[in-house]
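Student:
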Amino acid sequence: MPAVFFYLFAAVTLLFGVMVIVSKNPVTSALSLAVSFVGLAALFLGLDAYFIGTVQVLVYAGAVMVLFLFIIMLLDIKAETGKTPNYAAVFAAIVVGVLLVLQVATIVSTFEKGKLTTLEVPLRPKEALAAMGKNALPGIQRDLEAGILPDTKLMGLQLYHHYGFHLQIIGLLLLVSTVGVVVLSKRENRTEGGAK
Amino acid sequence: MITLNHYLIVSSALFALGLAGIIVRRNILVIYMCLEMMLSAANLALVAFSRFRVTDGLPDYSAQALVFFTITVAAAEVAVGLAIIVALYRSKQSVDVESVTKMQG
Amino acid sequence: MSIFSSEVFLAVLGIALVLVSVFFPKIPTRTLAWIGIAGVLASLACLLGASAAETSLPAFVAPYYSLDSHSLFYKGFALVITALVLWLITESEKTLVNYSLDGQIGELVGLPLIVCTGMMWIASARDLITVFTALELVTVSFYVLVAYTRKSALSLEAGVKYLILGAAATGVLVYGIAWIYGATGSLTFEGISASLRDPSTGKGTLLFGIVLLLAGLGFKVAAAPFHMWVPDVYQGAPAPVTAFLSVGSKASGFIILTRLVDSLVISSTLVSVEVINLLLISAAITMILGSLPAIFQTSVKRLLAYSSISHAGFLLLALACRGSTRFDLAAGDVVAFYLGTYLPMTVLAFFVLCVARRHGRGDSLEDLRGLARSSPLLALLMTVAMASLAGLPLTVGFLGKMMVLMAGVDRGYWGVVGCAVLSAAAGFYYYFRVILTLYSGDNSQTSEPIQLSLLSRVIAILLAAAVIITGIYPRPLQRAISGAPAAALTTQR
Amino acid sequence: MSPLEIVIFLPIAAALAIWLGAPARPTSLFAALVNLVIIAGIAFRFDGSSLGVGEFAHVSSRIVLDNPAISFAVGIDGMSLILALLTAIVTLAAVWQIVADKSAPFHIASLLISAGAMGAFLSTDLFFIYAFHELALIPTFLMIALHGHGDPANRRAVAWKTTIYLGVGSLVLLAGLAALVLNFSEGPVISFDLTSLLQQTSSVPAATQEWIYFTLLIGFGTLVSLFPFHSWAAPAYATAPTSVAMLHAGVLKKFGLYGLLRIAQPLLPLGAQAEWVQNALLIMLLGNILVMGLVTLHQSRLDDMLANSSVMHMGYIFLGLAAGTELALKGAVMLMFAHGASIALSFALCGRMRNQVGTLEFSKLGGLATNAPLLTVLFGFAAFASIGLPGLANFAGEIMIFAGTFDPKLLSPEKLSSLQWTTILALWGVVISAVYMLRAYRKLFFGTANSGHYLRDPGFSQRVPLVLLAAVLLVVGCCPSVLLGLIQSAWAAAKVASL
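Protein chains in written order, with our numbering: chain X, -3 to 192; chain S, 11 to 115; chain E, 108 to 600; chain P, 9 to 507.
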């Protein structure tokens, strides 16, 4: 990804992230977060993670944030007014945040000494094809031969071939959360023993 | 040239923003959004690490699988979380953190 | 039936119970709960009958699934606590129905089974992805369980608190996993352990990830400084759920921590000193912050919450002592041993609270005054539980504490051992205060006699007997942990 | 099954039976009697000369944990036999004299304390020696807090103080024991077994031995009310119900001394001999004898006085321990027995007086002898025994301790050692105790009678426990060889004898 795009999307992600925190109106916060997530998705694309980037837009920016907005509208939550911010908390938050970023900056400055390569390594589909050998499914094989990164296909292979068990766990988790949402959001039923 | 470090700094900044939001904000819904920001920051770090650890010419997809699961889990958590917050709002008519400080001691 | 299929069976049973309770609301919850208990016991029987060398794992789980002595013990642990929690739910059915929205508590019976499945998977996890997904399965289920009785404002508050802090912990946990992955290039415990021997692994990166991961897990096990949520959530959640959180969730956190510490500390010295120091510092703070506030509590549930924190401190000390060959050989593993001692006494205490609640007594200390006159049996059970939690000899609680202290002394962690002694001394005060309250109160107070059903009396007495007998004869527990033949497991409860 | 196991578990079983509804008094009397018969039987047939170093009779061992190697092991030698005998006698007396209306809690507590003491004296595994002692903690706590004398707030405070002191003392003790066990075991297996520890040729360096010994001294010392850690004892005994006071002051408190003699002294000889440990111990025991003696002198109530005197007399036993010579150690064991019997008798009498007279203030009482000749005589026994009058058991013990400190091996021709100076100062304690005991005796039983407060001799049944204890004092006092023959064997084995 050209550097200018990186800086652009990183700025979008972070600036709108700041908006989430500082805006007093929850609707603004939610919308800012959605934009921030779109910026993040762009960063994912820059990292050649096309599938993850798409999912980020679909699930986060699409579904999750809409859910947030929906709830905010439903409950009709007004902007906070008249409250003076808790300056101690603001100060603590800034200190914690700055320290964290500094910490990470210090750590990443040591990378070159270790084995982590920080320079972008070009992807080499041909080499990958050789390494995968017969394990590669036909579709993946074709794409790799053509020199394209079959990101979504590789994710599919990964999820269904290697992480099937975890996919099942996640399925169970989604079921539990469905049950949970039903249980937690049903209205009080005054007639005893009534069905849901 | 954009390096791994750039991505990690952005990720840490996003994480720090989320953390700061949790500390500063009093609206539970906004706090919950900040939590999502923290999760996304983690995802960014994971994807960046996976992209810069090229094995056999491809990014390491196991980390991306984890990112996929994280996103799914986050969605599920949001669903349950919002249900709880709605229930709270129904009983207290407020989503301020001060409405959940009845227990002390 | 293989162990894995018994886990799948439990999850399916859990879903089935939820569905049945929705479509056949006439079926009493009690019946469903006992079906669930039967299912859990069947799985337990299957676990006892199976051997660690079982090879019949489906190919899609095999690479992520280990069946060593640890995972077998923690699986058994999850099953036992789930069965006991379901029993506690039947005991406090009346209370729960009062506080649930429509007099239906079917989900409360089904969800624990799914949680149990998650815990059993955590016990077998070999990589961080499995850990994360299974842990989230457990956590999300607990969000629902904690907030379940939402007619009670406290339960709802507890749910919100657990939700916010739990989600924050998840974020920190994932971020930690990301950095550990960045440093080691691996998401499996073996891979992490192997990369530590690689001299080019960046220590700073790894440590940053470890600190974050430990923070996230510290939340799950109620370790300081991530313990703030514990008192409120324990107080607000329904008592059976609190027991489940206090024992089951903690055990899950500790099996992950054990595996993590093993892969970080034992095979290499790259970060071992730092990790152990982190654990020791956290252990010391946890013990102090757990036991000192406990002195001032007026609610028994809150008291048990702080007690749970201080026990987490002991467990952390035990964790820091891992690799002390003398004691790992000894108890199989001091952490597992301590958890094994923690289970029966905690469940016993919560049982008494459930029954007292059912009979109109709240969970404040004053509400238990004169319980000995209402029910000498309940008072005796609570006395046993408190004595064991305080770590009085001849109860199982003492053995756990003694093992931890000796392991600490053996490794020369004097400062933390000193904190542990302080914490235990404070424990004498607050646990004895509960005992004193049970037996005091003047005769003028009206105290209705409390009747217990024969079955619950038998189970409760068995639990108390387990506390005392295991306290005198701990060999079966030790055998169960160190992976001795399954026959030895039968005596572990 | 070893008879010793029966002796330990019978009281627990009896307590359980009473809790389940068995008639309290017959059950506990039965258990106490059976125990006394068994222990007496063992004592009659006991032949200590056949026991070697660290060997015990009537042994039985059941493994409860593989590693750390803990086994439920029981065994008996001369010293533990004497203390078991004391336990059996005092238990019988204590449960016999219980006359409360709802007596079940009293019987249960007494039996549990008795079982704890028995278990501690008869176990030969450090784990169980420690564990059984703690069995008494909850009953003592509850009995003082709920059924003690005095107003509720006060007795509660006393119960807390006692429990916290004993609890923390036990934790220090546990730390010491853990350090001892860990230092003594080499290789992967850690053993708590006293027999194997005793038979092991220790290679623990002197410095380590010193601080472990000191830790044990503080830990055990707190349980015996060694001077700076004594302040729980007097109020506890003054407040506790009579049977609990008898058992705790008479028997259970001896556990700390027993532990020092059994564990610390033989296993850590270098620690015991260390100069600084010795001096610290001497200062502390002088605190017991002189400071507590003076405190006792100023008490205005009988129960306070007895409780404080009990603390004071522990100093003499510690003196025997400090001397470490065979004669002095035998004297210490002797005095443990004698003091146990005499203080139990004192508290039993004190309890009777409290019940009948209603007050124990010296200033309000007098001339009680007129209607109660038997009690007068018995109280005389207790008082004179406590002073150390020849012919009663305490005398034999005290004289052996004093003589032991002047053992030729310890004497240097030029000057007296700090130990001997301590003994000389300690002798003044005898004078102090004579003053307060005789003064109390005279004030209570003679002098002008105070109207409204009468004391009568008890009926036949209630005389039994009192007479039993007095008889024991007299018999042992007149022919100490009855006990000394048993003790002989205990010290033939001990390494300290070679001092």
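Each residue gets a CB set at the ideal place from its N, CA and C atoms; glycine is no exception.
According to a CB-to-CB cut-off of less than 9 angstroms, which residues of the region 129 to 145 of chain P neighbour chain E?
Tutor: Within the region 129 to 145 of chain P, the residues whose Cβ lies closer than 9 angstroms to some Cβ of chain E are F135, F136, Y138, A139, F140, H141, E142, L143 and L145, listed in chain order.
Student: Closer than 8 angstroms between beta carbons: that is the criterion. Which residues of the region 128 to 151 of chain X meet it against chain E?
Tutor: So the list is empty, because no residue satisfies the distance condition.
Student: Does the beta-carbon of Y138 of chain P have 16 or more other beta-carbons within 10 angstroms, so that it is buried, or is it exposed?
Tutor: Answer is buried; the Cβ neighbour count reaches 16.
Student: Does the distance from the C-beta atom of F140 of chain P to that of A128 of chain P stay below 8 angstroms?
Tutor: Result yes, Cβ atoms of F140 of chain P and A128 of chain P sit closer than 8 angstroms.
Student: Cβ closer than 8 angstroms: which chain P residues qualify as neighbours of I557 of chain E?
Tutor: Near I557 of chain E there are no residues of chain P at all, since even the closest Cβ is about 17 angstroms away, more than 8 angstroms.
Student: Quick check: is the beta carbon of V328 of chain E nearer than 8 angstroms to any beta carbon in chain P?
Tutor: Not one chain P Cβ lies under 8 angstroms of V328 of chain E.
Student: In chain E, which residues lie less than 9 angstroms from M48 of chain S when you measure between Cβ atoms?
Tutor: The contacting residues are A274, A275, T277, G278, V279, V281 and Y282.
Student: To which residues does DSSP link N37 of chain S through a beta bridge?
Tutor: DSSP output for N37 of chain S lists S:D106 as bridge partner(s).
Student: Taking only the alpha-carbon atoms, compute the straight-line gap between P592 of chain E and R586 of chain E and give it to the nearest angstrom.
Tutor: Residue confidence is low: P592 of chain E scores 45 on pLDDT, short of 50, so the model does not pin down where it sits. No coordinate-derived value is stated.
Student: Pick out the complete alpha helix (DSSP H) segments inside the region 393 to 442 of chain P, 4 residues or longer, and give them in chain order.
Tutor: The qualifying runs are 401 to 413.
Student: Could you tell me which whole alpha helix (DSSP H) segments of length 4 or greater appear in the region 297 to 361 of chain P?
Tutor: List check, alpha helix (DSSP H) in window: 300 to 305 and 310 to 331.
Student: Thinking C-alpha only, which one of E:L399, E:L422, E:T189 and E:A401 is nearest L386 of chain E?
Tutor: Of E:L399, E:L422, E:T189 and E:A401, the residue nearest in Cα terms is E:L422.
Student: Going by CA-CA distance only, name the one from P:Y221, P:A257 and P:I46 that's closest to A125 of chain P.
Tutor: Ranking P:Y221, P:A257 and P:I46 by Cα distance to A125 of chain P puts P:A257 first.
Student: On the DSSP letters alone, give me the boundaries of the beta strand (DSSP E) that L73 of chain P sits inside.
Tutor: Element bounds for L73 of chain P: A65 to L73.
Student: Under 8 angstroms Cβ-Cβ, which residues of chain S neighbour K408 of chain E?
Tutor: Ordered by position in chain S, no residue passes the 8 angstroms Cβ test against K408 of chain E, which lies about 10 angstroms from the chain.
Student: With respect to the beta strand (DSSP E) encompassing A30 of chain P, which residues constitute its N-terminal and C-terminal limits?
Tutor: Looking at the DSSP string, A30 of chain P is not in any beta strand (DSSP E), and its letter there is neither H nor E.
Student: Below 7 angstroms on C-beta distance, what does G176 of chain X contact in chain B?
Tutor: Reference to chain B is not applicable here, since the protein chains of this structure are X, S, E and P.
Student: For a cutoff of 8 angstroms on Cβ pairs, would you count V86 of chain X as touching chain S?
Tutor: Yes, V86 of chain X lies at the interface with chain S (some Cβ there is under 8 angstroms from its Cβ).
Student: Give the secondary structure of E555 of chain E by DSSP, where H, G and I count as helix, E and B as strand, and everything else as coil.
Tutor: DSSP places E555 of chain E in coil when its eight states are reduced to three.
Student: Suppose the cutoff is 7 angstroms on Cβ atoms and the five residues either side in sequence are ignored; what does the same chain contact list for T597 of chain E look like?
Tutor: Legend: pLDDT at T597 of chain E = 36, less than 50; position of this residue unreliable, value from coordinates given subsequently. Once the five neighbours on either side are set aside, the close Cβ partners of T597 of chain E are L155.
Student: Opposite I78 of chain P in the DSSP bridges: which residues?
Tutor: DSSP lists P:L73 as partners of I78 of chain P.
Student: Counting along the chain, where does the alpha helix (DSSP H) carrying P583 of chain E start and finish?
Tutor: Taken as a continuous stretch (DSSP letters only), the alpha helix (DSSP H) holding P583 of chain E covers R582 to I588.
Student: Any C-beta of chain X sitting closer than 8 angstroms to the C-beta of A118 of chain E?
Tutor: Yes - at least one Cβ of chain X is within 8 angstroms of the one on A118 of chain E.
Student: Does the beta-carbon of E334 of chain P have 16 or more other beta-carbons within 10 angstroms, so that it is buried, or is it exposed?
Tutor: Result: buried.
Student: Identify, in the order they occur along the chain, each residue of the same chain with its Cβ nearer than 8 angstroms to the Cβ of L305 of chain P, setting aside the five sequence neighbours on each side.
Tutor: If we look at L305 of chain P and ignore the five residues flanking it on each side, its Cβ neighbours are I440, V443 and Y444.
Student: Tell me whether the beta-carbon of G328 of chain P lies closer than 8 angstroms to the beta-carbon of A434 of chain P.
Tutor: For G328 of chain P and A434 of chain P, no; Cβs fall outside 8 angstroms.
Student: For L45 of chain S, return the contacting residues in chain X, with the cut-off set at a CB-CB distance below 7 angstroms.
Tutor: Ordered by position in chain X, no residue passes the 7 angstroms Cβ test against L45 of chain S, which lies about 11 angstroms from the chain.
Student: S32 of chain X bridges to which residues according to DSSP?
Tutor: DSSP, once it has assigned bridges, lists no residue as partnering S32 of chain X.
Student: So for K169 of chain P, helix, strand or coil by DSSP?
Tutor: If DSSP states are grouped into helix, strand and coil, K169 of chain P belongs with the helices.
Student: Using a threshold of 8 angstroms, state whether the C-beta atoms of L496 of chain E and A533 of chain E are closer than that.
Tutor: No, Cβ-Cβ distance for L496 of chain E and A533 of chain E is not below 8 angstroms.
Student: Going along chain X in order, which residues have a C-beta closer than 8 angstroms to the C-beta of T111 of chain S?
Tutor: Within chain X, no residue comes near T111 of chain S; the closest Cβ sits about 14 angstroms away, beyond 8 angstroms.
Student: Please list the terminal residues of the continuous alpha helix (DSSP H) segment that includes W240 of chain P.
Tutor: Segment: none, W240 of chain P is in no alpha helix (DSSP H) and carries neither H nor E.
Student: Name the chain X residues whose beta carbon is nearer than 8 angstroms to that of S248 of chain E?
Tutor: Result: V172 and G176.
Student: In the DSSP assignment, what residue or residues form a beta bridge with D147 of chain X?
Tutor: D147 of chain X pairs with nothing; no bridge assigned.
Student: Who are the near neighbours of L427 of chain P in its chain, counting only those whose CB is closer than 8 angstroms to its CB and skipping five residues on each side?
Tutor: So the qualifying residues of the chain are Q286, L290, A330, A331, T413 and L418.
Student: If you reduce the DSSP assignment to three classes, tell me which class D133 of chain P lands in.
Tutor: Reduced to three states, the DSSP call for D133 of chain P is strand.
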